[in-house]
Structure formats: C-alpha cells, structure tokens
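Number of protein chains: 2
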Amino acid sequence: MRTITLKMLAAELRLSPGTVSKALKGSHEISEATREKVMDMARRLDYVPNPYASSLRRRTSKTIGVVLPAMADSFFSMTIEGIEAVAGDKGYHVLIYLSHESYYKEAAIVKDFQSGRVDGVLISLSGETWNTDHLHTLTDKNIPVVYFDRVCEENDVARIATDDMEAGFAAASHLLEAGCKRLLFLSPSDNLAIIKRRLAGCRKAAPGIASLLCIGDLHQQHLRIREALAMPDRPDGIIASVESLGYATYQACTSLGLEIPSDVKVVAFSNMPTASLLHPSLTTVEQPAFEIGKTAATVLFKGIEKGYNHLSEESRMIPSVLVPRGSTAKA
Amino acid sequence: MRTITLKMLAAELRLSPGTVSKALKGSHEISEATREKVMDMARRLDYVPNPYASSLRRRTSKTIGVVLPAMADSFFSMTIEGIEAVAGDKGYHVLIYLSHESYYKEAAIVKDFQSGRVDGVLISLSGETWNTDHLHTLTDKNIPVVYFDRVCEENDVARIATDDMEAGFAAASHLLEAGCKRLLFLSPSDNLAIIKRRLAGCRKAAPGIASLLCIGDLHQQHLRIREALAMPDRPDGIIASVESLGYATYQACTSLGLEIPSDVKVVAFSNMPTASLLHPSLTTVEQPAFEIGKTAATVLFKGIEKGYNHLSEESRMIPSVLVPRGSTAKA
DNA sequence: CTGAAAGCGCTTACAG
DNA sequence: CTGAAAGCGCTTACAG
Numbered sequence: 002m003r004t005i006t007l008k009m010l011a012a013e014l015r016l017s018p019g020t021v022s023k024a025l026k027g028s029h030e031i032s033e034a035t036r037e038k039v040m041d042m043a044r045r046l047d048y049v050p051n052p053y054a055s056s057l058r059r060r061t062s063k064t065i066g067v068v069l070p071a072m073a074d075s076f077f078s079m080t081i082e083g084i085e086a087v088a089g090d091k092g093y094h095v096l097i098y099l100s101h102e103s104y105y106k107e108a109a110i111v112k113d114f115q116s117g118r119v120d121g122v123l124i125s126l127s128g129e130t131w132n133t134d135h136l137h138t139l140t141d142k143n144i145p146v147v148y149f150d151r152v153c154e155e156n157d158v159a160r161i162a163t164d165d166m167e168a169g170f171a172a173a174s175h176l177l178e179a180g181c182k183r184l185l186f187l188s189p190s191d192n193l194a195i196i197k198r199r200l201a202g203c204r205k206a207a208p209g210i211a212s213l214l215c216i217g218d219l220h221q222q223h224l225r226i227r228e229a230l231a232m233p234d235r236p237d238g239i240i241a242s243v244e245s246l247g248y249a250t251y252q253a254c255t256s257l258g259l260e261i262p263s264d265v266k267v268v269a270f271s272n273m274p275t276a277s278l279l280h281p282s283l284t285t286v287e288q289p290a291f292e293i294g295k296t297a298a299t300v301l302f303k304g305i306e307k308g309y310n311h312l313s314e315e316s317r318m319i320p321s322v323l324v325p326r327g328s329t330a331k332a
Numbered sequence: 002m003r004t005i006t007l008k009m010l011a012a013e014l015r016l017s018p019g020t021v022s023k024a025l026k027g028s029h030e031i032s033e034a035t036r037e038k039v040m041d042m043a044r045r046l047d048y049v050p051n052p053y054a055s056s057l058r059r060r061t062s063k064t065i066g067v068v069l070p071a072m073a074d075s076f077f078s079m080t081i082e083g084i085e086a087v088a089g090d091k092g093y094h095v096l097i098y099l100s101h102e103s104y105y106k107e108a109a110i111v112k113d114f115q116s117g118r119v120d121g122v123l124i125s126l127s128g129e130t131w132n133t134d135h136l137h138t139l140t141d142k143n144i145p146v147v148y149f150d151r152v153c154e155e156n157d158v159a160r161i162a163t164d165d166m167e168a169g170f171a172a173a174s175h176l177l178e179a180g181c182k183r184l185l186f187l188s189p190s191d192n193l194a195i196i197k198r199r200l201a202g203c204r205k206a207a208p209g210i211a212s213l214l215c216i217g218d219l220h221q222q223h224l225r226i227r228e229a230l231a232m233p234d235r236p237d238g239i240i241a242s243v244e245s246l247g248y249a250t251y252q253a254c255t256s257l258g259l260e261i262p263s264d265v266k267v268v269a270f271s272n273m274p275t276a277s278l279l280h281p282s283l284t285t286v287e288q289p290a291f292e293i294g295k296t297a298a299t300v301l302f303k304g305i306e307k308g309y310n311h312l313s314e315e316s317r318m319i320p321s322v323l324v325p326r327g328s329t330a331k332a
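Chain order of the listed sequences is A and B.
Each number in this note's numbering comes from the position in the first sequence (counting from 1) with 1 added on.
Each number in this note's numbering comes from the position in the second sequence (counting from 1) with 1 added on.
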C-alpha cells in the first residue's frame with residue numbers, strides 16, 4: 002500500500018501543501034469550507050502525517066524518554082502507568098530505557114538524548130550513579146529533566162519523591178515499638194541519595210542501627226542477608242530499603258528456619274500487591290507509585306511547554322505510608 | 002548550547018557534508034585518513050546526529066512499538082525486560098503504549114503506527130479485542146507485527162506464546178489429582194484466544210469445569226469470585242487464568258473464611274515473584290516471560306531486517322511450567 | 001576518494 | 001484566505 006503524503010493529499014484537492022497543512026492543524030487563517038474539504042479528503046485517503054518530517058521541521062519530537070533501573074519491579078511498573086497516562090493525554094509518546102543499575106549504560110542512554118530524540122526526560126537513577134554530569138548536558142541543551150524516586154542530591158533540579166527521611170524514621174520507630182533491639186538496614190547501593198536518606202531517617206529513631214550493603218541479584222542478596230542472620234548477635238529487626246531485599250529477607254529467614262515475626266521482624270519499602278497475602282503478611286512502606294509517575298510527568302510537561310525555567314520549584318515530596326502487618330507483630 | 006549539525010562539522014573540517022556523512026557511517030569509499038579526521042572532530046565537537054533527519058531520509062526509524070494491556074503485571078513487565086534487552090543490542094528504541102484492555106485505545110495506538118513512527122510492532126492484545134483488522138493495515142504497509150502471549154487466532158501471523166491448551170490441561174489435571182470435584186475456571190475476557198485455549202485445555206481434563214467471567218479491577222474481580230464461593234455447591238478447585246485473578250481469589254477466600262487448600266485449592270497462571278512466600282504458597286503455571294519477550298523481539302527484528310516475509314513461520318510455542326505448591330496440597 | 005545536488009515530508013515566514 | 005519558496009538535518013545516487 003502506497004503511503005499517502007501531504008503533497009499527494011494537496012494534489013488531490015488542488016490546493017497547495019501549505020494550505021492543507023494549515024487546514025489540518027485547524028489554523029484560523031483557513032476558511033471553514035476549505036478546512037472541511039481537507040479533513041474529508043484526509044479521512045477518505047486515510048492520511049497519516051509523517052511524525053519525523055514534522056519533528057525535523059518543528060524541532061520538537063512529541064516524545065519523552067524514561068530511564069529506569071529496572072522494569073520488573075512493582076514500584077517502577079506502576080510508575081510507568083502514571084507516566085503513560087499523562088503522556089497519552091498530552092499526545093506524547095514514551096520511549097523506555099533500562100539502565101540495569103549501570104552508570105555506564107545510563108550515561109550512554111542519556112547521551113543519545115542530546116540528539117533531540119526526546120523533548121524531555123524522566124529518570125530514576127541507577128544504583129551505581131555517583132554523579133549527574135551526564136544529565137547536566139541535557140539541561141545545557143534545554144531539554145528538561147525531572148528526577149523521580151531515585152533522585153539526585155542537587156537542589157536546583159526538579160525532584161519528585163517521597164519523604165524518605167521521614168519514612169525511614171517511621172520504619173525504624175515502628176520496629177523499636179514492636180520491641181526490636183538490634184536493627185539492621187539493608188541497602189542496595191552506596192550511591193543513591195534516597196537510600197542514604199532512608200538510613201538517616203532510621204538513625205534518627207535508632208542511632209545504633211547497622212547497615213548492610215546487598216548488591217547483585219536476588220540470590221546474592223539472599224546469601225548476604227543469610228550471613229548476617231546467622232551471626233551470633235543477629236539482628237531482630239530488619240528494614241529492607243527496596244522491594245527485592247524484602248523478598249530476599251523472607252527467603253533467608255525460611256532457609257535458616259527463623260520465624261517472622263517472633264525471631265526477626267521485617268519492614269520493607271515495597272509496593273508489591275501481595276504484601277498482605279504473604280506468610281506472614283509483610284509490613285510495608287508504600288509509595289504512591291502511580292501518583293509519583295503522574296506528578297513527574299506533569300511537571301515535565303510544564304517544563305516542556307513553558308520552556309524549562311525554574312523547574313526545581315516544581316519539586317514535590319509525596320507522602321508514603323507505613324502499613325503495619327504481621328511481619329512486625331509484637332510477641 | 003548550540004546544537005552542532007553535520008553541516009557545521011563538515012565546515013569545520015573543510016569537507017562536504019556528504020563525505021562527512023559517509024565517513025561517520027564507516028563507508029569504505031572514504032580514505033582511512035579522512036575517516037579518522039572526521040571521527041576525531043565529531044568527538045571533539047560532541048556531534049550527535051539528529052535521528053529524525055536520518056529517519057526521514059532513510060525511511061526507517063530504528064524504533065519499535067510495544068502495545069500492552071497493562072504494565073503493572075509481573076508477566077508483562079518481565080516481558081518488556083526481554084524486549085528491551087534485544088532492542089538495545091540492535092540499537093533500536095522502544096516506544097511503549099498501554100491499551101488498558103480497551104479495543105478502542107488499542108486501535109488508536111495501532112493507527113498511529115501507520116505514520117511510519119515505528120519499524121515494527123510487538124503486541125499483546127487487549128481483553129476487549131475481538132478482531133485484528135487494525136493490525137492488518139500495518140501488514141499492508143509492510144510494517145511487521147509479532148503477537149506475543151495474548152495472540153490472535155490467525156495462522157498466517159507471527160505468534161510467540163506458551164502452549165496454553167497444554168497448560169490448561171496440566172492445571173486442571175493437577176487439581177483433579179489433588180482431589181477436587183468441582184472446578185471453576187476464572188476468565189478475564191470473553192475474547193482472548195489464549196484464555197479460550199486455556200479453558201479448552203482444562204475441559205480436556207475436566208469436561209464438567211465451570212467458567213466465570215470476571216472483568217473490572219481487582220476489587221470487582223474479588224466480589225465476583227466471592228459470590229461464586231458463597232454458593233451452596235461452591236467449587237473446591239479454582240483455576241485463575243491470569244495473575245490478578247489469583248490475588249482476587251486469595252482475597253475472596255480470606256473474606257469468606259475459607260481455608261486454602263483444605264476448603265478450596267487454587268492454581269494461578271502467574272509470574273509473581275512472591276508465589277512461594279504467600280500464605281499458603283501458591284501453585285502457579287509460570288510462563289517464561291523474559292524469554293517470550295526476547296523471542297518476540299528477535300523474530301520481529303528478523304522481519305524488519307529481511308523485509309517481512311513468512312514471519313508466521315517464525316511462530317514459537319514456548320513451554321510453561323506448573324509449579325505445585327501449598328495451595329493445591331492434598332488433604 | 002570527494003563533492004554537488006536532490007530530496008525525504010513536513011511547516012512557516014512572507015507575499016499577494 | 002491561499003500559495004510559492006525556503007529549509008529542518010540528514011543520505012545517496014551520480015559525476016568527476
């Protein structure tokens with residue numbers, strides 16, 4: 002099937018391409034009669050404009066880029082639903098990229114964005130990322146960037162996240178109230194600001210809290226936690242600062258024959274839909290993932306539409322909520 | 002920061018844009034010396050080619066479109082990881098769209114693909130979709146389409162899915178062996194071929210199996226299942242044909258005070274990472290989601306590269322696996 | 001091996 | 001209100 006172009010449509014109508022273009026866009030310089038004729042013919046010939054021609058000419062792509070550390074995580078996948086919802090409304094397209102927790106990959110992805118492929122970028126940093134120079138080059142090119150969840154530490158940047166300090170404080174306080182004496186904070190990364198903030202929050206409640214770095218896949222995390230739980234003075238309260246560390250903790254307890262919550266109590270930062278169905282049900286700090294995605298996208302579009310100024314003032318702290326369940330029940 | 006174009010790069014080098022273009026692509030018509038000079042300068046000026054100019058000229062976008070019913074589902078999100086992995090390797094970009102189970106939305110998304118925005122399409126059909134005319138127009142335009150998981154019923158099309166008939170048979174047989182007498186099959190849609198096939202497989206093992214349509218969100222599903230479980234002659238074995246129906250079944254049992262597996266046994270088609278941590282652990286039919294995504298993308302790129310012929314011969318049936326757990330334990 | 005020129009399919013000042 | 005023309009930034013026959 003031959004692709005029909007604006008020129009062909011114009012020829013069919015015995016009008017100039019310029020006029021047809023304006024008519025299709027609903028320009029008010031065009032008479033109602035002409036506009037209708039054009040619309041009719043466009044429909045009849047099933048004309049679909051070439052987006053790349055238009056992008057090239059208008060120097061805007063109607064596309065945003067989303068960079069995530071991983072997709073198979075209930076928080077990030079919900080977040081995408083939020084982003085997609087507002088992008089769809091705005092008539093924007095969404096390109097997805099995964100950094101797989103690699104700084105190198107993340108930098109390569111972001112570098113490509115300098116090409117003008119996207120009008121704006123939504124990013125949640127990889128666990129390895131220790132600086133955001135690669136993102137500053139986007140700002141230099143006037144491509145707005147909004148950080149969400151795993152935001153950076155800079156202040157002059159748009160950041161949409163929960164109040165991680167507060168959430169950490171709540172989680173640790175909750176464990177203390179449940180009677181825990183030796184808390185352990187499980188961390189997936191040494192670089193992420195939000196993890197540092199969660200830990201800082203924990204420390205405010207429990208200054209003596211220990212911290213354990215658990216990198217790698219689920220199995221490696223499990224082994225690392227197992228090790229910590231096999232120690233003589235093992236922790237009796239665990240805070241899993243990301244979802245996968247929550248799974249890994251349950252597995253480690255099972256494999257060591259430790260009972261939750263009598264031997265160890267557990268709270269996890271998690272949006273897993275099955276938290277209440279686990280054995281025992283898992284106490285979670287839930288982040289409003291869909292809303293975070295929606296808000297981040299909304300702020301980004303504001304930046305795109307208004308030409309990117311003072312986006313840092315659009316930063317939002319969205320509350321998370323601690324949901325107490327069986328895994329932290331008192332003796 | 003001013004964006005540097007091919008023309009500027011050429012001027013800097015006192016070469017023609019054509020020569021520079023060829024040098025950057027590593028064309029063998031260009032001398033080694035020139036090539037190196039060009040590469041050097043490109044690096045120094047941090048030249049990034051405009052993808053849309055190149056797309057317009059070459060009539061290819063280096064982009065694929067992925068259409069999913071939903072993102073927040075462990076099967077689909079894993080699938081995306083597989084797709085992204087092979088797209089990344091191939092230097093392709095991935096546009097994501099959600100149909101939210103709506104035929105209307107799906108059709109609108111696919112219609113846009115006629116514009117040449119993507120070189121190929123990967124789709125898992127919405128629950129409402131009863132025909133695939135919208136997708137045939139892509140084939141007419143020589144845009145290859147690969148269906149995955151929720152495939153259509155046509156044979157002359159590339160389809161990557163598990164053996165759903167077989168999986169249904171295995172699930173129902175497993176429940177019968179566990180002692181169930183009254184089986185109920187929970188379905189999220191009346192249109193999806195794969196669901197029909199799962200049911201057909203169940204019927205082969207258990208001709209008398211009943212079927213219940215549960216549409217809507219998790220809460221609505223829960224209510225519908227609750228109703229069925231509150232009947233006098235209630236089922237004692239449930240097959241949840243998609244993941245969310247598995248959650249809903251657990252909730253319904255909890256709210257009715259029914260014990261799994263003694264009152265009701267449950268098996269779910271699911272890739273949830275927490276299946277073994279549930280109370281009780283959930284017997285699942287697991288689909289190799291990552292591999293399905295990878296395979297679908299690989300087949301699609303074959304179609305894109307070779308110009309789309311006989312893609313239907315690339316269809317694959319990938320085995321799923323029944324993992325027996327506590328929810329179907331014998332009395 | 002290098003360059004001049006045309007053109008991908010749009011949009012948008014500018015003229016009338 | 002409509003049209004002619006230039007141009008977005010590339011690539012690619014074609015010439016030399």
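Glycine is no exception: its CB is placed at the ideal position from the N, C-alpha and C atoms.
* Positions along the segment 91-105 of chain A whose CB lies within less than 8 Å of some CB in chain B -> For the segment 91-105 of chain A, the set of positions with a beta-carbon nearer than 8 Å to some beta-carbon of chain B reads H94, V95, L96, I97, Y98 and L99 in chain order.
* To do: Please classify A:R225: is it buried, with 16 or more other beta-carbons within 10 angstroms of its beta-carbon, or exposed?
  => Taking the first residue of the first sequence as 1, we reach residue 225 of chain A at position 224. That one is buried.
* **Pair within 8 Å by beta-carbon distance, A:A172 and A:I261** => If you number the first sequence from 1, residue 172 of chain A lands on position 171. If you number the first sequence from 1, residue 261 of chain A lands on position 260. It is not a contact, given that the beta carbons lie outside the stated cut-off.
* So who's on the other strand from A:H94, going by DSSP bridges? -> Along the first sequence, one-based indexing puts residue 94 of chain A at 93. Bridge partners of A:H94: A:T64.
* Asked: Would you call the CB atoms of B:A290 and B:N272 closer than 8 Å?
  -> Looking up residue 290 of chain B in the second sequence gives position 289. Looking up residue 272 of chain B in the second sequence gives position 271. The answer is yes: Cβ separation under 8 Å.
* Could you tell me whether the Cβ of B:M79 comes closer than 8 Å to any Cβ of chain A? => Position 78 of the second sequence, counting from 1, holds the residue named residue 79 of chain B. B:M79 counts as touching chain A.
* To do: Alpha carbon to alpha carbon, how far is A:A162 from A:E314? Give it in angstroms, no decimals.
  => The residue given as residue 314 of chain A occupies position 313 in the first sequence. The residue given as residue 162 of chain A occupies position 161 in the first sequence. The straight-line gap from Cα to Cα measures roughly 14 Å.
* Using a C-beta cutoff of 8 Å, does B:T329 count as contacting chain A? -> As a first step, residue 329 of chain B is located in the second sequence; it is residue number 328 there, counting from the start. Residue contact with chain A for B:T329: absent (no Cβ-Cβ distance below 8 Å to any residue of chain A).
* **Where the segment 105-128 of chain A meets chain B: residues whose CB sits under 8 Å from a CB there** => Cβ contacts with chain B: K112, D113, Q115, S116, G117 and R118.
* Anything in chain A within Cβ reach of B:V286, meaning under 7 Å, just list it in chain order. => The count along the second sequence starts at 1 and reaches residue 286 of chain B at position 285. Per Cβ cutoff of 7 Å: no residues; B:V286 is ~17 Å from chain A at best.
* When burial is assigned at 16 or more other CB atoms within 10 Å of the CB, is B:K8 buried or exposed? -> Against the second sequence, residue 8 of chain B aligns to sequence position 7. Exposed, since its Cβ has fewer than 16 Cβ neighbours within 10 Å.
* **Cβ pair B:G92, B:K63 closer than 8 Å** => Within the second sequence, the letter at position 91 stands for residue 92 of chain B. Within the second sequence, the letter at position 62 stands for residue 63 of chain B. In this structure, B:K63 lies closer than 8 Å to B:G92 by Cβ.
* Asked: Where does B:T20 sit, in a helix, a strand or coil, going by DSSP?
  -> In the second sequence, residue 20 of chain B corresponds to position 19, counting from 1. When secondary structure is reduced to three states using DSSP, B:T20 falls in the helix class.
* Asked: Checking contacts by CB at 8 Å: is B:A207 closer than that to chain A?
  -> Along the second sequence, read from residue 1 onward, the residue named residue 207 of chain B stands at position 206. No, B:A207 does not count as interfacial toward chain A.
* Asked: With C-beta atoms as the reference, is B:L168 less than 8 Å away from B:R204?
  -> Taking the first residue of the second sequence as 1, we reach residue 168 of chain B at position 167. Taking the first residue of the second sequence as 1, we reach residue 204 of chain B at position 203. A small correction: the amino acid at residue 168 of chain B is Ala; Leu does not occupy that position in the sequence shown. No, these two residues do not count as a Cβ contact at 8 Å.
* Asked: So, helix, strand or coil for B:A207, using DSSP?
  -> What you label residue 207 of chain B is simply residue 206 of the second sequence in a count that begins at 1. If DSSP states are grouped into helix, strand and coil, B:A207 belongs with coil.
* To do: Would you decide whether A:E129 is buried or exposed? Buried here means 16 or more other CB atoms lie within 10 Å of its CB.
  => Here residue 129 of chain A corresponds to residue number 128 of the first sequence, with the count starting at 1. Classified as buried, A:E129 has 16 or more neighbouring CB atoms from the shown chains inside 10 Å of its CB.
* Closer than 8 Å by C-beta to A:V67: which residues in its own chain qualify, once you throw out the five before and the five after it? Chain order, please. => Position 66 of the first sequence, counted from the start, is the residue given in the question as residue 67 of chain A. Beyond the five residues adjoining it in sequence on each side, A:V67 comes within less than 8 Å, by CB distance, of I81, I84, V95, L96, I97, Y98, V122, L123 and I124 in the same chain, given in chain order.
* To do: Thinking A:R160 and A:D234 are a contact (beta carbons under 8 Å), I'd like their distance in whole angstroms, please.
  => By one-based count along the first sequence, residue 160 of chain A stands at place 159. By one-based count along the first sequence, residue 234 of chain A stands at place 233. That pair is no contact at about 38 Å.
* Taking 8 Å as the CB-CB cut-off, is B:M42 touching chain A? -> In the second sequence, counting from the first residue as 1, residue 42 of chain B sits at position 41. No - not a single Cβ of chain A is within 8 Å of the one on B:M42.
* Asked: Within 10 angstroms of its Cβ, does B:Q221 collect 16 or more other Cβ (buried), or is it exposed?
  -> Sequence index remark: in the second sequence, residue 221 of chain B carries index 220 (1-based). By the neighbour-count definition (other C-beta atoms within 10 Å, threshold 16), B:Q221 is an exposed residue.
* Asked: Counting pairs of Cβ atoms below 8 Å between the segment 236-251 of chain B and the segment 204-220 of chain B, do you hit three or more?
  -> Contact holds: three or more Cβ-Cβ distances are below 8 Å.
* Between the beta-carbon of A:M42 and the beta-carbon of A:L69, is there less than 8 Å? -> Locating residue 42 of chain A in the first sequence gives position 41, counting from the first residue. Locating residue 69 of chain A in the first sequence gives position 68, counting from the first residue. The criterion of a C-beta distance shorter than 8 Å is not satisfied by A:M42 and A:L69.
* **Selection of the segment 248-276 of chain A by Cβ proximity to chain B, strictly under 7 Å** => If the cut-off is 7 Å between Cβ atoms, the segment 248-276 of chain A has Y248, Y251, M273, P274 and T275 near chain B.
* To do: Using three-state DSSP, classify B:S190 as helix, strand or coil.
  => Looking up residue 190 of chain B in the second sequence gives position 189. It is coil, neither helix nor strand.
* Is the Cβ-Cβ distance between A:L323 and A:V286 less than 8 Å? -> One-based indexing of the first sequence puts residue 323 of chain A at position 322. One-based indexing of the first sequence puts residue 286 of chain A at position 285. Yes, the Cβ-Cβ distance between A:L323 and A:V286 is below 8 Å.
* If I'm right that A:S188 touches A:S242 with Cβ under 8 Å, what's the distance once you round it to whole angstroms? => Translated into the one-based positions of the first sequence, residue 188 of chain A becomes position 187. Translated into the one-based positions of the first sequence, residue 242 of chain A becomes position 241. That belief holds up - the Cβ atoms of A:S188 and A:S242 are roughly 5 Å apart, short of 8 Å.
* Count the C-beta pairs between the segment 21-28 of chain A and the segment 52-62 of chain B that are closer than 8 Å, then say yes if the count reaches three, no if not. => No, they do not touch.
* C-beta atoms of A:L16 and A:P145 nearer than 8 Å -> Counting from 1 along the first sequence, the entry for residue 16 of chain A is found at position 15. Counting from 1 along the first sequence, the entry for residue 145 of chain A is found at position 144. No, Cβ-Cβ distance for A:L16 and A:P145 is not below 8 Å.
* Tell me which same chain residues have a C-beta within less than 7 Å of the C-beta of B:C181, skipping the five on either side of it? -> The residue labelled residue 181 of chain B in the question sits at position 180 within the second sequence. Closer than 7 Å at the Cβ level, and outside the excluded window around B:C181, lie D237, G238 and K266.
* Asked: With C-beta atoms as the reference, is A:A194 less than 8 Å away from A:M166?
  -> To locate residue 194 of chain A, count along the first sequence from 1; it is residue 193. To locate residue 166 of chain A, count along the first sequence from 1; it is residue 165. Contact flag unset, no.
* Asked: Taking Cβ-Cβ distances shorter than 9 Å, what residues in chain B pair up with A:P50?
  -> Position 49 of the first sequence, counted from the first residue, corresponds to residue 50 of chain A. Result: S116.
* Could you give the C-beta distance for A:T275 and B:T275, rounded to a whole number, given that I count them as a contact under 8 Å? -> Translated into the one-based positions of the first sequence, residue 275 of chain A becomes position 274. Translated into the one-based positions of the second sequence, residue 275 of chain B becomes position 274. 5 Å between Cβ atoms; contact.
* Extent of the continuous beta strand (DSSP E) to which A:I110 belongs -> In the first sequence, counting from the first residue as 1, residue 110 of chain A sits at position 109. No beta strand (DSSP E) holds A:I110; the alpha helix (DSSP H) holding it covers Y104 to D113.
* Own chain, CB closer than 8 Å to A:A231, minus 5 neighbours either side, in chain order -> On the first sequence, residue 231 of chain A is found 230 positions in, with the first residue counted as 1. Excluding sequence neighbours, A:A231 sits near L257.
* Asked: Who are A:I124's beta bridge partners in DSSP?
  -> Against the first sequence, residue 124 of chain A aligns to sequence position 123. Residue pairing for A:I124: DSSP places it in a beta bridge opposite A:V68 and A:Y148.
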